[in-house]
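So that you can map any letter, position 362 of the sequence shown is 362 in my numbering, and since no number is skipped, the others follow by simple counting. Where is the CB? At the ideal position from N, CA and C, for every residue including glycine. Contents: one structure, followed by commentary.
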Amino acid sequence: MQASIPAENNAYDSGQELVQIHNLSKSFGKGQPFVLQDINATIPKGEIIGLVGPDGAGKTTLIRMMAALLLPTEGFITVAGCDTVKAAERVHFLTGYMPQKFGLYEDLSVMQNLTLYADLKGVFGQERSATFEKLLHFTGLAPFIKRLAGALSGGMKQKLGLACALIKKPTLLLLDEPSVGVDPISRRELWKMTNDLVQEGISVVWSTAYLDEAERCNTVLLLTQGKMLFYGKPHELTERVAGRVFKITNINESRRQVLFQALLEKEVLDGVIQGRDVRIVTKNKDVTRMVGYPLVSTTPRFEDAFIDILGGGPGGVSELADARPKVEGDSEDTIVSEGLTKKFGAFVAAHEITFTIKRGEIFGLLGPNGAGKSTTFKMLCGLLRPTEGKAFVNGVDLQVAPGPARAHIGYMAQKFSLYGSLSVGQNLDFFGGIYNLVDQRKKAAKDEMIKIFDFQHYLNGSAELLPLGFKQRLSLACANMHNPEVLFLDEPTSGVDPITRREFWNHINGLVEKGVTVMVTTHFMDEAEYCDRIALIYRGEVIHVESPEALKKIAQSEQNPNPTLEDAFIKLIEEYDAKNPV
1 MQASIPAENN
11 AYDSGQELVQ
21 IHNLSKSFGK
31 GQPFVLQDIN
41 ATIPKGEIIG
51 LVGPDGAGKT
61 TLIRMMAALL
71 LPTEGFITVA
81 GCDTVKAAER
91 VHFLTGYMPQ
101 KFGLYEDLSV
111 MQNLTLYADL
121 KGVFGQERSA
131 TFEKLLHFTG
141 LAPFIKRLAG
151 ALSGGMKQKL
161 GLACALIKKP
171 TLLLLDEPSV
181 GVDPISRREL
191 WKMTNDLVQE
201 GISVVWSTAY
211 LDEAERCNTV
221 LLLTQGKMLF
231 YGKPHELTER
241 VAGRVFKITN
251 INESRRQVLF
261 QALLEKEVLD
271 GVIQGRDVRI
281 VTKNKDVTRM
291 VGYPLVSTTP
301 RFEDAFIDIL
311 GGGPGGVSEL
321 ADARPKVEGD
331 SEDTIVSEGL
341 TKKFGAFVAA
351 HEITFTIKRG
361 EIFGLLGPNG
371 AGKSTTFKML
381 CGLLRPTEGK
391 AFVNGVDLQV
401 APGPARAHIG
411 YMAQKFSLYG
421 SLSVGQNLDF
431 FGGIYNLVDQ
441 RKKAAKDEMI
451 KIFDFQHYLN
461 GSAELLPLGF
471 KQRLSLACAN
481 MHNPEVLFLD
491 EPTSGVDPIT
501 RREFWNHING
511 LVEKGVTVMV
521 TTHFMDEAEY
531 CDRIALIYRG
541 EVIHVESPEA
551 LKKIAQSEQN
561 PNPTLEDAFI
571 KLIEEYDAKN
581 PV
């Protein structure tokens, strides 16, 4: 395969920029709008370039053009001096590409996937054996070579995808959102592996929805609506909000209410809950008080500047919450888990899971990939029958009376669980029927969701072709058509941009203020800060049930007196491993 590469393209001066993007524009057909327009950037050798931007900004399109998989409409890209149109085969040889969606064969084993990619890349004989040994050690997949790719956890799938992209050592490694759906431990491992590759001189383009990851990159390219809004060092963008980022501390009332009131202020561009505090970004520096509280200046983050340069967040109003009645009822214990256990043959996926969730509480399930979160989640919303134990929703046993119990529940699955072959309108009709809405009530609920989530322009289009943010909005809309008292949200914002994520949490916070009980799983530790309490699940067991602040206090040490929730997550898992070796 290597012999077929044109010889004139082999020369590359390591002193020049590895990738040059010049006046690049892309549209998908005559008369169609540009999805990328007038992009100019250079990528040096041996650096990590962060590619960030809202959903639909053009990130995946740009990566696929760098990989010579899409042709430019205008302008050009060169990789190591090779034009992606004129020397596409050479560019394919120089690049490793890990797509956003799992690009492997789920019905093949780990080793069979590696073998297939080695065949495609022309890696044979002793080189193949040495490469396999190195990559299996590098990714920690050696004990799992016979496991089907589809049976791997999210983190292990991403590691296998990375290994396949590295079968032939690339000059340029293109990673399209490699950490989506990956727990914090696996995310740190992916970053360590990537930094090791950079030390070998490989350049990496890392597209991400996690803005804390963007801060780790050498350079960031920020896209919005197909245009480049910023290209430079992360700290250069962060400096734009210096002196305009504050915390509201010593809050005596609901943090959600304080955040809501702050977001109504004209001076506030953005706000999030951060532990016991509320973090805000203001338009000016000379603000000293907000909603009756003095403001404390705090260090700006890249995410603060990202929201600022995009014009601010979505505010704090939730039309979804405003449109529904307040939950009434006598029972305070809305969800009860009593010794839930699930066995698959000899394997125990969840063991004696016990906790209680109060009405109007946001309760988070956190844990590494494969820890038992999804199994616990599915048992609690009636999708999986427990081997032992009981689950109650509003006092109704899910096994004794599943129909009445599920009537109180709205469920949003981790993966897009709607019907892609149906239109947006047809999905709303279908789920309205599932929840026993008929005639005028069904029509009113459908019309309300169309208005709240701005589906007018997508109503007759296939749900499968929706942008990711609108797919998630449609899932949330379908789960709320019948005004459920309990919401089960399984990674509801996985892969969406920070602005869409804020919109979702506006809805969640507003619903909780109306008395709705929410159980949520997430790998975004910033999101977990919104939870009233968190159950940390590991090896199929609940190892802690505490508030986010309490978990941080448990993880405090002399070396790290002020741990983040991610620090706490990792430390508590490591401590459990030390006390309970396998």
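Between the Cα of residue i and the Cα atoms of the options, which residue gives the shortest distance?
i, options, result
"L428", "Q472, D454, C478 and L398", "C478"
"F306", "L136, N250, A209 and E133", "A209"
"M449", "L114, Y231, S318 and F124", "S318"
"D497", "V520, N195, V518 and L468", "L468"
"D212", "T224, R188 and S203", "R188"
"I515", "P325, V268 and H482", "Correcting the residue identity first, residue 515 is Gly in this sequence and not Ile. Checking every option, the nearest Cα to that of G515 belongs to P325."
"I39", "G75, V19 and V518", "G75"
"E17", "A57, V52, C82 and S337", "C82"
"K121", "T194, I335 and K168", "K168"
"W191", "R216, K285 and S337", "R216"
"G583", "F344, R359 and K342", "Past the edges of the chain, shown from 1 to 582, lies residue 583, and the structure says nothing about it."
"I335", "G345, A346 and I357", "I357"
"S179", "L197, A214 and I145", "A214"
"R441", "S475, N483 and H22", "N483"
"G289", "Q261, I434 and D308", "The question names Gly, yet the displayed sequence has Arg at residue 289. Closest by alpha carbon: Q261."
Tell me which residues share the same chain as residue i and place their Cβ nearer than 6 Å to its Cβ, disregarding the 5 neighbours each side in the sequence.
i, result
"Y293", "I248"
"S4", "Residue placement at S4 is poorly supported in this model, since its pLDDT is 33, which falls under 50; the coordinates still yield a value, given next. There are no such residues."
"Y231", "A41 and L221"
"F569", "P184"
"G372", "A349, A350, I537 and G540"
"S153", "N369 and G370"
"F453", "R473 and A477"
"E332", "K358 and R359"
"Q20", "T42 and T78"
"H507", "S318 and L320"
Name the one or two DSSP bridge partners that residue i has.
i, result
"H22", "F76"
"T356", "V336"
"S462", "S423"
"A391", "S337"
"K247", "R279 and V296"
"F347", "F344"
"V518", "I362 and L487"
Who are the Cβ neighbours of residue i in its own chain at under 8 Å, not counting the five residues just before and after it?
i, result
"Q112", "Y105"
"Q456", "I450"
"A242", "P300"
"A163", "L114, L135, L136, F138, T139 and L141"
"I554", "H544, E546, A568 and L572"
"G339", "E352, I353, T354, E388, G389 and K390"
"V85", "A68, L71, P72 and F76"
"Y419", "Q426, N427, F430 and A463"
"I499", "P54, I307, L310, G313 and P314"
Counting only the same chain and skipping the five closest in sequence on each side, list residues whose C-beta sits under 7 Å from that of residue i.
i, result
"T61", "K26, V35, L36 and L70"
"L166", "G96 and L135"
"N560", "D567"
"G201", "K45 and G46"
"R147", "S109 and V110"
"E177", "Q100, S207, T208, A209 and G495"
"V296", "F246, K247 and T249"
Assuming the contact rule is C-beta atoms closer than 8 Å, residue i and residue j should be a hit. Round their C-beta distance to whole Å, please.
i, j, result
"G315", "L259", "Their Cβ separation, rounded to whole angstroms, is 11 Å, which puts G315 and L259 out of contact at 8 Å."
"N480", "L320", "6 Å"
"L51", "W206", "7 Å"
"V287", "E303", "About 19 Å separates the two Cβ atoms, so there is no contact after all."
"I380", "S421", "Position check: residue 380 holds Leu in this sequence, whereas Ile was assumed. Contact flag wrong, Cβ pair sits at about 30 Å."
"R244", "T298", "Rounded, the Cβ-Cβ distance is 10 Å, inconsistent with contact."
"G313", "L269", "7 Å"
"L174", "I63", "5 Å"
"A80", "T194", "The Cβ separation is near 20 Å, so there is no contact."
"G58", "L223", "5 Å"
The region 483–492 in contact with the region 407–415 per 3-pair CB rule at 8 Å:
With the cut-off at 8 Å, the region 483–492 and the region 407–415 touch.
If you pair each beta-carbon of the region 274–291 with each one of the region 541–560, do three or more pairs fall below 8 Å?
Counting Cβ pairs under 8 Å, three or more are found: they touch.
Answer yes if the region 444–461 comes into contact with the region 374–389, meaning at least three C-beta pairs across the two stretches below 8 Å, and no otherwise.
Contact between the region 374–389 and the region 444–461 is absent, because fewer than three Cβ pairs lie under 8 Å.
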